[in-house]
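J.: Using the working numbering, the letters of the sequence shown correspond one by one to residues 9 to 80.
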Amino acid sequence: MSSILQMVRMTGVWMTARLGVKSERGATAVEYGLMVALIAAVIIAAVVFLGQQTKATFDCTATSVAGRTNAC
9 MSSILQMVRM TGVWMTARLG VKSERGATAV EYGLMVALIA AVIIAAVVFL
59 GQQTKATFDC TATSVAGRTN AC
C-alpha cells in the first residue's frame, strides 16, 4: 500500500516539475495585501480631507456662537 502512495506522490512531483504547475497561494496573499494597502490609503486620504472640512465648520460655528462675527 505504501508503494502505491509513494508512486502517487512521485507522479505529483514529476507533474509539478514537468508541467510547471505552481501554487498560487503566495500570489493571492500578495494581491490581498495590495488591496488592503490601497483601501487604507483611500481611508487615510478621506479622513485627512474630511478632517480639514470638519475643522473649518467647527471653527465657523464656534466663532458664530462666541458672537464675534457671523460671516464664515
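Heads up, the beta-carbon is just placed ideally off N, CA and C, and yes, glycines get one too.
Note that this is a predicted model, so its numbers are computed, not measured.
Any idea what DSSP makes of Gly-41, helix, strand or coil?
T.: Gly-41: helix per DSSP, three-state reduction.
J.: Can you give me the C-alpha to C-alpha distance between Lys-2 and Gly-75, rounded to a whole angstrom?
T.: With the chain covering only 9 through 80, there is no way to say anything about residue 2.
J.: Once you ignore the five residues that flank Ala-37 on each side, which residues in its own chain have a CB closer than 6 Å to its CB?
T.: For Ala-37, where only same-chain residues beyond five positions count, there are no Cβ hits under 6 Å.
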